[in-house]
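Chains A and B, in that order, give the protein sequences.
Position 12 of the first sequence, counted from 1, bears residue number 788 in my numbering, the numbering being contiguous throughout.
Position 140 of the second sequence, counted from 1, bears residue number 916 in my numbering, the numbering being contiguous throughout.
Every residue gets a Cβ at the ideal spot worked out from N, C-alpha and C, and that includes glycine.
Everything numeric in this text was worked out from a predicted model, so none of it was measured.
Here's the structure we're looking at; comments come further down.
2 protein chains.
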Amino acid sequence: MKFLIPFVGKTKESYLDAGIRDYAGRLGRFAEVDLPVLRERHGRKDADEVVKAAEAALLLEQAASAGFRVALDPGGKSSDSEELAGLLTQWERQGIGTVCFLIGGHLGLHRSVLDRAELALSLSRLTFTHEMTRLILLEQLYRACTIKAGHKYHK
Amino acid sequence: MKFLIPFVGKTKESYLDAGIRDYAGRLGRFAEVDLPVLRERHGRKDADEVVKAAEAALLLEQAASAGFRVALDPGGKSSDSEELAGLLTQWERQGIGTVCFLIGGHLGLHRSVLDRAELALSLSRLTFTHEMTRLILLEQLYRACTIKAGHKYHK
Numbered sequence: 777m778k779f780l781i782p783f784v785g786k787t788k789e790s791y792l793d794a795g796i797r798d799y800a801g802r803l804g805r806f807a808e809v810d811l812p813v814l815r816e817r818h819g820r821k822d823a824d825e826v827v828k829a830a831e832a833a834l835l836l837e838q839a840a841s842a843g844f845r846v847a848l849d850p851g852g853k854s855s856d857s858e859e860l861a862g863l864l865t866q867w868e869r870q871g872i873g874t875v876c877f878l879i880g881g882h883l884g885l886h887r888s889v890l891d892r893a894e895l896a897l898s899l900s901r902l903t904f905t906h907e908m909t910r911l912i913l914l915e916q917l918y919r920a921c922t923i924k925a926g927h928k929y930h931k
Numbered sequence: 777m778k779f780l781i782p783f784v785g786k787t788k789e790s791y792l793d794a795g796i797r798d799y800a801g802r803l804g805r806f807a808e809v810d811l812p813v814l815r816e817r818h819g820r821k822d823a824d825e826v827v828k829a830a831e832a833a834l835l836l837e838q839a840a841s842a843g844f845r846v847a848l849d850p851g852g853k854s855s856d857s858e859e860l861a862g863l864l865t866q867w868e869r870q871g872i873g874t875v876c877f878l879i880g881g882h883l884g885l886h887r888s889v890l891d892r893a894e895l896a897l898s899l900s901r902l903t904f905t906h907e908m909t910r911l912i913l914l915e916q917l918y919r920a921c922t923i924k925a926g927h928k929y930h931k
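Structure, rendered in structure tokens:
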């Protein structure tokens with residue numbers, strides 16, 4: 777299985793970028809990981825809604841080839857780490873080649889992304905920065921893969 | 777208000793340590809922050825339950841002087857960032873000087889800590905490493921303080 781996780785803009789916080797690289801590397805032992813960085817095309821003075829719509833178009837363009845789209849949204853379905861591992865197993869059984877996870881930019885996800893995703897998943901009811909969300913998602917995918925493989929990782 | 781967050785052992789992952797320092801510094805603009813590192817006293821070959829009980833004793837010793845104890849536990853009460861800001865306001869109104877947040881070591885929290893805490897709080901249904909939990913908690917306390925103060929931070 778391949779995890780496609782497009783980032784709207786680079787990860788600016790260096791320690792989060794280091795963490796993301798660390799977990800992307802670990803996750804790479806279980807699955808193909810693709811983290812393309814999308815260049816924001818909107819103007820600096822555009823209204824929030826315009827920026828979000830432009831980001832959504834970029835994200836959906838990336839996600840078009842994926843077999844399954846998961847939008848990360850605090851209002852989505854919550855899951856524990858074992859349930860996330862169960863989801864991975866389910867996707868694998870369904871023969872889904874690429875799962876695309878969609879994280880909004882600093883303004884959050886545009887409605888159109890939530891509408892087009894097959895699943896809205898919540899990592900927490902708490903609001904995280906989009907850069908923290910990247911790290912937490914990668915750590916959880918890695919954890920889910922270790923659970924699925926029966927490896928020892930961390931409680 | 778003062779936030780007392782004892783850590784069982786140092787934060788070994790350097791990027792998480794950098795993130796924790798970053799948010800502790802930012803949080804320091806709103807409140808006093810104390811992050812004592814507790815030296816683990818147990819032996820290397822002790823059973824998990826013995827280690828957890830020894831860590832619990834260290835944590836409860838630290839927490840003894842606090843006016844309120846919050847145990848971080850995936851099975852605890854979940855909250856969104858606004859509700860967490862509301863909790864801070866409530867503690868302040870109650871005249872609580874020090875709030876102590878209790879995070880377990882890599883084996884998790886011993887039952888005795890959950891029993892002695894006034895509140896069990898869940899950051900997520902997902903399981904995080906204890907070092908990630910430190911970073912996420914500090915980021916959320918900072919976020920809650922900015923919400924409370926009406927400052928702009930991050931959606």
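* Asked: Can you list, in chain order, the residues of the stretch 868 to 888 of chain B whose Cβ is nearer than 9 angstroms to any Cβ on chain A?
  -> Within the stretch 868 to 888 of chain B, the qualifying residues are Gly880, His882, Leu883, Gly884.
* Asked: Out of B:Leu811, B:Val826, B:Gly851, B:Tyr929, which has the shortest C-alpha to C-alpha gap to Ser900 (chain A)?
  -> Looking at the Cα atoms, B:Gly851 is the closest of the given residues.
* Asked: What's the call for Ala800 (chain B), buried or exposed, on a 16-neighbour Cβ count within 10 Å?
  -> For Ala800 (chain B), the number of other beta carbons within 10 angstroms of its own is at least 16, and it is reported as buried.
* Would you mind listing the alpha helix (DSSP H) stretches within the stretch 790 to 858 of chain B that are 4+ residues and don't spill past its ends, in chain order? => If we require 4 residues or more, the alpha helix (DSSP H) runs fully inside the stretch 790 to 858 of chain B come out as 790 to 803, 824 to 839.
* What do you get for Glu808 (chain A), buried or exposed, if any count of 16 or more other CB atoms within 10 angstroms of its CB means buried? -> Under this definition Glu808 (chain A) is an exposed residue.
* Short Cβ contact (9 angstroms threshold) for Val827 (chain A) with Leu878 (chain A) -> Taking a C-beta distance under 9 angstroms as the contact criterion, Val827 (chain A) and Leu878 (chain A) do not qualify as a contact pair.
* To do: Mind checking who Cys921 (chain B) pairs with in its DSSP beta bridge?
  => Partner residues in a beta bridge of Cys921 (chain B), as assigned by DSSP, do not exist.
* Spatial distance of Glu816 (chain B) from Glu831 (chain B) (CA atoms) -> Going by C-alpha positions, Glu816 (chain B) is about 7 angstroms away from Glu831 (chain B).
* **Span separating the alpha-carbon of Leu897 (chain A) from that of Leu890 (chain A)** => About 10 angstroms.
* Could you give the C-beta distance for Arg845 (chain A) and Arg892 (chain A), rounded to a whole number, given that I count them as a contact under 8 angstroms? -> At roughly 6 angstroms, the Cβ-Cβ gap stays under 8 angstroms, so Arg845 (chain A) and Arg892 (chain A) are in contact.
* To do: Give the straight-line distance between the Cα atoms of Trp867 (chain B) and Gly795 (chain B), rounded to the nearest whole angstrom.
  => Distance between the alpha carbons of Trp867 (chain B) and Gly795 (chain B) is about 26 angstroms.
* Apart from the five residues just before and just after Lys727 (chain B), which ones in its own chain have a Cβ nearer than 7 angstroms to its Cβ? -> Coverage of chain B is limited to positions 777 through 931, which leaves residue 727 (chain B) absent and any answer about it impossible.
* Asked: Three or more C-beta pairs closer than 8 angstroms, one from the stretch 900 to 918 of chain B and one from the stretch 913 to 922 of chain A: is that the case here?
  -> Touching, yes.
* Please confirm whether Thr909 (chain B) and Leu848 (chain B) have their CB atoms less than 9 angstroms apart. => Thr909 (chain B) is a Cβ neighbour of Leu848 (chain B), given a cutoff of 9 angstroms.
* **Contacts around Lys924 (chain B), its chain only, beta-carbon distance under 7 angstroms, and the 5 residues preceding and following it disregarded** => Closer than 7 angstroms at the Cβ level, and outside the excluded window around Lys924 (chain B), lie Ala861, Leu864, Thr865.
* Rounded to a whole number of angstroms, what is the C-alpha to C-alpha distance between Leu835 (chain A) and Leu895 (chain B)? -> Cα-Cα distance, rounded: 40 angstroms.
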